[in-house]
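*Asks:* The opening position of the sequence shown corresponds to residue 1313 in this note's numbering, with each subsequent residue numbered one higher.
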Amino acid sequence: MPQPQHHWHFFRAGGFDQVRIKSGADIANLDQLDPKLWVALACPTQGLEFDAKTLAILDTDKDGRIRVPEIVAAAKWTCANLKNPDSLMKSAPGLPLAEINSETEEGHRLYCSAKQLLANLGKKDADVITPEDTADTVKIFAQTNFNGDGIIHGEVSDDPAIRQAIADVVTCFGSEADRSGKPGINQPRIDQFFKDAQAYSDWWTKAEGDKSILPLGENTLSAVAVFRAVRHKVDDYFARCRLAAFDARALVALNREEKEYLALVAKDLSITAAEVASFPLARVEAGKPLPLKDAINPAWAAGVDALNTNVLKPLLGDKTALTEAEWNVVTNTFSTFATWEADKTGATVEKLGVKRVRELLSTNMKAALDSLVLSDKALEPEANAIAAVDKLVRFHRDLYRLLNNFVSFHDFYSRKHKAVFQSGVLYLDQRSCDLCMRVDDAAKHAALAGLSGTYLAYCDCVRKATGETRQIVAAFTAGDADNLMVGRNGVFYDRKGQDWDATIVKIIDNPMSVQQAFWAPYKKLVRFIEEQAAKRAAAADADVQGQLQSSATAVTTAVPAQAAPPAKLDVGVLAAIAMVLTTVMGAAGAIFASIFKIEPQGLIPLVFMAMVVGISLPSVFIAALKLRRRNLGPLLDANGWAINAKAKINIPFGQSLTQVAVLPPGSTRNLVDPFAEEHKGRKWTVAIAVLLLAGIACGVWFYKAPVDVEKMLRQQLRVGMTSVEVDKILTDDKIEHNFVDKENA
1313 MPQPQHHWHF FRAGGFDQVR IKSGADIANL DQLDPKLWVA LACPTQGLEF
1363 DAKTLAILDT DKDGRIRVPE IVAAAKWTCA NLKNPDSLMK SAPGLPLAEI
1413 NSETEEGHRL YCSAKQLLAN LGKKDADVIT PEDTADTVKI FAQTNFNGDG
1463 IIHGEVSDDP AIRQAIADVV TCFGSEADRS GKPGINQPRI DQFFKDAQAY
1513 SDWWTKAEGD KSILPLGENT LSAVAVFRAV RHKVDDYFAR CRLAAFDARA
1563 LVALNREEKE YLALVAKDLS ITAAEVASFP LARVEAGKPL PLKDAINPAW
1613 AAGVDALNTN VLKPLLGDKT ALTEAEWNVV TNTFSTFATW EADKTGATVE
1663 KLGVKRVREL LSTNMKAALD SLVLSDKALE PEANAIAAVD KLVRFHRDLY
1713 RLLNNFVSFH DFYSRKHKAV FQSGVLYLDQ RSCDLCMRVD DAAKHAALAG
1763 LSGTYLAYCD CVRKATGETR QIVAAFTAGD ADNLMVGRNG VFYDRKGQDW
1813 DATIVKIIDN PMSVQQAFWA PYKKLVRFIE EQAAKRAAAA DADVQGQLQS
1863 SATAVTTAVP AQAAPPAKLD VGVLAAIAMV LTTVMGAAGA IFASIFKIEP
1913 QGLIPLVFMA MVVGISLPSV FIAALKLRRR NLGPLLDANG WAINAKAKIN
1963 IPFGQSLTQV AVLPPGSTRN LVDPFAEEHK GRKWTVAIAV LLLAGIACGV
2013 WFYKAPVDVE KMLRQQLRVG MTSVEVDKIL TDDKIEHNFV DKENA
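1) When you compare each of Q1499, T1635 and I1955 to V1546 by their alpha carbons, which one comes out closest?
2) Taking A1386 and F1707 to be in contact with their CB atoms under 8 Å, please state how far apart those CB atoms are, rounded to whole angstroms.
3) Hey, would you say Q1504 sits closer than 8 Å to T1789, going by beta carbons?
4) Quick check: the Cα distance between V1623 and L1681, rounded to an integer number of angstroms?
5) S1720 and I1333 - do their beta-carbons sit closer together than 8 Å?
6) Thinking C-alpha only, which one of Q1330, A1410 and D1343 is nearest V1705?
7) Helix, strand or coil: how does DSSP classify A1509 here?
8) Can you tell me where the beta strand (DSSP E) with L1768 in it begins and where it stops?
9) Shortest alpha-carbon distance to T1542 belongs to which of L1528, I1608, F1458 and A1565?
10) Quick check: what's the CA-CA separation for L1983 versus P1977?
11) Which residue from L1947, D1811, V1588 and S1524 puts its Cα closest to that of Y1767?
12) Quick check on V1536: buried or exposed, where buried means 16 or more other Cβ atoms within 10 Å of its Cβ?
13) Do the CB positions of I1464 and P1397 come within less than 8 Å of each other?
14) I'd like to know if the stretch 1495-1509 and the stretch 1474-1481 are in contact, where contact means that at least 3 CB-CB pairs between them fall below 8 Å.
15) Under a Cβ-count criterion, where at least 16 other Cβ atoms within 10 Å of its own Cβ denotes burial, should F1323 be classed as buried or exposed?
16) With a 10 Å radius around its C-beta and 16 neighbouring C-beta atoms as the bar for buried, classify A1755 as buried or exposed.
17) My assumption, with CB atoms under 8 Å, is that G1952 sits in contact with P1347. Please give the rounded CB distance.
18) Would you tell me roughly how many angstroms separate the C-alpha atoms of N1567 and P1592, rounded to the nearest one?
19) Three-state secondary structure (DSSP) at G1802?
20) Determine, using beta carbons only, whether G1460 and D1702 come nearer to each other than 8 Å.
21) So, with DSSP's three-state summary, where would you put E1780?
22) Among residues of its own chain, excluding the 5 on either side of C1553, which ones have a beta-carbon nearer than 8 Å to its beta-carbon?
23) If I'm right that V2074 touches W1516 with Cβ under 8 Å, what's the distance once you round it to whole angstroms?
24) Would you mind reading off the limits of the alpha helix (DSSP H) that contains M1677?
25) Once DSSP output is grouped into helix, strand and coil, what is the label at W1812?
26) Which word fits H1722, buried or exposed, when buried means at least 16 other C-beta atoms lie within 10 angstroms of its C-beta?
27) Just how far apart, CA to CA, sit T1657 and L1627?
28) Would you give the residue range spanned by the beta strand (DSSP E) that L1593 belongs to?
29) For F1458, verify whether its CB is less than 7 Å away from any heavy atom of the ligand NAP.
30) Do A1787 and L1939 count as a contact pair if the criterion is CB distance below 8 Å?
31) Less than 8 Å separating the beta-carbons of K1388 and D1448?
32) Grouping DSSP H, G and I as helix and E and B as strand, with all else coil, what is H1318?
33) Decide if H1319 is buried, meaning its Cβ has at least 16 other Cβ atoms within 10 Å, or exposed.
34) Kindly indicate the opening and closing residues of the alpha helix (DSSP H) around L1969.
35) Determine, using beta carbons only, whether D1439 and P1405 come nearer to each other than 8 Å.
36) Compare the Cα-Cα distances from T1815 to each of A1489, D1630, D1746 and M1797 and report the closest residue.
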C-alpha cells in the first residue's frame, strides 16, 4: 500500500520557505520531506553549541559530519520507541519512563534497562531518567569492574600476578579505554601478546647452547653492543694504516694536517667535541697495531677501554695492542650472531626480557586473562541496553532543537533562541553582535565567507585566566564602520557567559546599513578635502623649511656668532589651506549661482533636497542591492556546513542581529561638558565661511536683479497701456543703457 502523504506546514523567513516542525508526526515523517526543502544537507560535529555526545551518537559512520539519512534514521528510531512523539517538542531534560513505548520488543527492553539502571544508581523509585544518569557508568557498574565492553584493566582482579600481566601487555601493545575511561586490554591484544611471546621464546631457544651464536653466553648481547659502538672507528683506523702502507705520501693527510690542530687549540677543547671525535682513533702508520691503553683519541678512550674489557679479553686474552688480523677474528665471531639476530621474531615483547616472557608462558597466564575478558563480555547485552537508553534519553532532549537548526533555521530567524552555530556575543564600538561563529583558520574561512556580502570582523579571543584561545568571526549588520579597524579590542561573551578578550585581526568590508551608505559620499568628500589640505600643507611646509634652512646656512656662514632668528608664521601652510578653501568656495559659488537662477524661487529648497538625494542615491542604491544579497550560506559553508538554501540576512533582520547603543527610555542628558575644548579657530572658520556664502548669495542676487526690475516695470507700465506701448518704452535707449550698466556691474 502506498504511504499516505504527510501534510507539512511552511513559514517564510530569510527570503525562502522553511518547514515548520510542529508535532511529533512531523518528526516521524521526515523521510517524506524532499531533501531539496531542507535548509542544510550536512553539518560538522565540532564547533557547534550543542551536546557533543548527542552529535557523536548521531554520527553513525564516525566521519565527523551529520547528514540527512542519519537525521531521518534518528527521528524514525526515536518516534518508534516513544508512546507519544509529541513529547519531543518539549525538549525536556529528562525522559519519563511512562513515555517509553514498552509494547514493542525493543521498547520493552529499553524500559527494563532504564529501570535496572536507575536501581543500580540507587534510584529504584525514580520515574524519570536523565542523560546524567546514563552517563555515569562508574556508578552503574559499581557492583562489578566489568562493563560489557570486552576490555579489562588492572582493577578487575586482586591477584598481583594478573595485574602485572595486564601491565606487561599494556607496556608492549598500549592500552584501550573502556566504558569507564580506564586504560585496559582487549582480547586481540592478549592474543597477539602471547603469540609474540611464544615466538620470541622460540627464537631464543635456537641460540641457547650454540657457541657460534652466543660466543660469550649471556654476556654476548652486551658485548655486541660495545663492539658495534666502536666498530666503524676501528675499521677506519686499519683502513688508514693499509692506505699508508700503500703510499707513504698519504701519511700526513691520513693523520690530519697541522692547521686543523691549530684551529682546535684556538678555542676551548673538550674530549667529546665533534672536531676531536672525527680524528683517527690513534696515530696512523703503515702496519701499526691499534694501541689499547695509550695514545688513543681522547674522545674514544672510554669506548676502546670497554671494547678491551668486554670483548677482546674474553675472546683473545689480555692485550696491549690489537692487530688487524685479530680484529678480523673478532668481527667474524659476531657474524653468526648478526645472522641470528636478523631472524628475530616476537620483537614486540623484547623489552620485557626473555626471562619474564618465559615466566608468563609457563604460568598459563593467557587462560586467566581470557577468562576475565569472557566475564566482562557476559555483561555486553546489559551494557548495550544502557547505551540504547542513553541514546533515547539524549534524542528525547536534543532532537527537536537540532531539527530547528538543520531541517529549518527556525531558531535563527525566530530570534527566540540562538542557533547552534552562534557561539556568543561580541561587544565592540558601542555595538553587540549576535551573529558570531567559531572558526579554525581565519584566512581559509574568509576566502569563502566573503561571498556572504556581510561586513565581517575576525577576532582572536583569549582568556588570560586560563590561557584558552579561540578565533571567531562577527557579522556587523548595523551602524557604520568608521571606527572599526584591525587592532581594535572588544569583549566576547561565549554561550556559557564567560568573557574573552577579543582583538580584530582581519576585516572583510561590505555595506552595513542604508544610513551608512547615505552619508558615505559626504564623508568621502570631507576625507578628500582633509587629505588634499594635508598634502598641500605638507608640500608648502617642506618648501618653507627648505628656504629657512638655506637662509640659516647662509647666515651662519656669514656671521657665525649671530643668534637664531625668531620663529615666523608658517605662511606656506596657511596659503595651502586658503587655496583649498578658495577652490571649494569657488565650486560652491558656481553651484549656488546656477541654483538661484531657477524660477520660481520657491523651488530652490526642493532643488537643494534633490541635490542631496542625487548625491546619496547611487551609494544608497548600490548598498541596498548588496544588503538584499547578504547570505548566511557562505559563512556556514566555510565552517563545513552544506547549506541548501539562500538564507538571506535582509536589512530589518540584520538590524536585529547587531544592537547599537541607545539611551534607556526616560533617561535625561546634560549636554554641558565642563571639559569641552574651546574651538576659537573653528568659530572664526565658520564665521568666514558664512560671510563667503552670504557674499556669493548677494552676488548671485544682484546678477538676477535686472530680470526682476524688467518684470516689475512691465507690471507697472502695463496699467492703461497696450503691450506694444510698454515694449516701446522698455526699448528706450536710456532704459536699455541702465540695464546694460547693471548687468556689467
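Don't be surprised by glycine CBs; every beta carbon is placed ideally from N, CA and C.
*Replies:* With the given structure in hand:
1) If you compare the alpha carbons of Q1499, T1635 and I1955 with that of V1546, the shortest gap goes to T1635.
2) Contact between A1386 and F1707 holds, since their C-beta atoms are separated by about 6 Å, short of 8 Å.
3) Result no, Cβ atoms of Q1504 and T1789 do not sit closer than 8 Å.
4) Their Cα atoms are separated by approximately 43 Å.
5) Yes. Within cutoff.
6) Residue A1410 holds the alpha-carbon nearest to the alpha-carbon of V1705 among Q1330, A1410 and D1343.
7) Helix at A1509.
8) First-last of the beta strand (DSSP E) with L1768: Y1767 to R1775.
9) The displayed chain sequence assigns Val, not Thr, to residue 1542. Considering only alpha carbons, the answer is I1608.
10) Computed Cα separation, rounded: 17 Å.
11) With distances taken between CA atoms, Y1767 lies nearest to L1947 out of L1947, D1811, V1588 and S1524.
12) Buried: at least 16 other Cβ atoms inside 10 Å.
13) No, the Cβ-Cβ distance between I1464 and P1397 is not below 8 Å.
14) A contact between stretches requires three or more CB pairs, one per stretch, nearer than 8 Å, and the stretch 1495-1509 meets this requirement with the stretch 1474-1481.
15) Note on F1323: under 16 other CB atoms within 10 angstroms of its CB, so exposed under the neighbour-count rule.
16) So A1755 ends up on the exposed side.
17) 18 Å between Cβ atoms; not a contact.
18) Computed Cα separation, rounded: 7 Å.
19) Taken through DSSP and simplified to helix, strand or coil, G1802 comes out as strand.
20) No, the Cβ-Cβ distance between G1460 and D1702 is not below 8 Å.
21) Of the three classes helix, strand and coil, the one that applies to E1780 here is strand, per DSSP.
22) For C1553, where only same-chain residues beyond five positions count, the Cβ hits under 8 Å are V1596, E1597, A1598, G1599, K1600 and E1636.
23) This structure cannot settle anything about residue 2074, because the visible part of the chain is limited to 1313 through 2057.
24) M1677 to K1689 is the extent of the alpha helix (DSSP H) around M1677.
25) In the three-state reduction of the DSSP assignment, W1812 falls in the strand class, which pools E and B.
26) The C-beta of H1722 has 16 or more other C-beta atoms within 10 Å across all chains shown, which makes the residue buried.
27) Approximately 28 Å, taken between the alpha carbons.
28) DSSP places L1593 in no beta strand (DSSP E); its state is neither H nor E.
29) Among the ligands in the structure shown, none appear at all, so the ligand NAP cannot be discussed.
30) Not closer than 8 Å, so no.
31) No.
32) Note: H1318 maps to coil in three-state DSSP.
33) Here H1319 is exposed, its C-beta having fewer than 16 other C-beta atoms within 10 Å.
34) Under the DSSP assignment, L1969 falls in the alpha helix (DSSP H) whose first and last residues are I1963 to L1969.
35) In this structure, the beta-carbon distance from D1439 to P1405 does not fall below 8 Å.
36) With distances taken between Cα atoms, T1815 lies closest to M1797.
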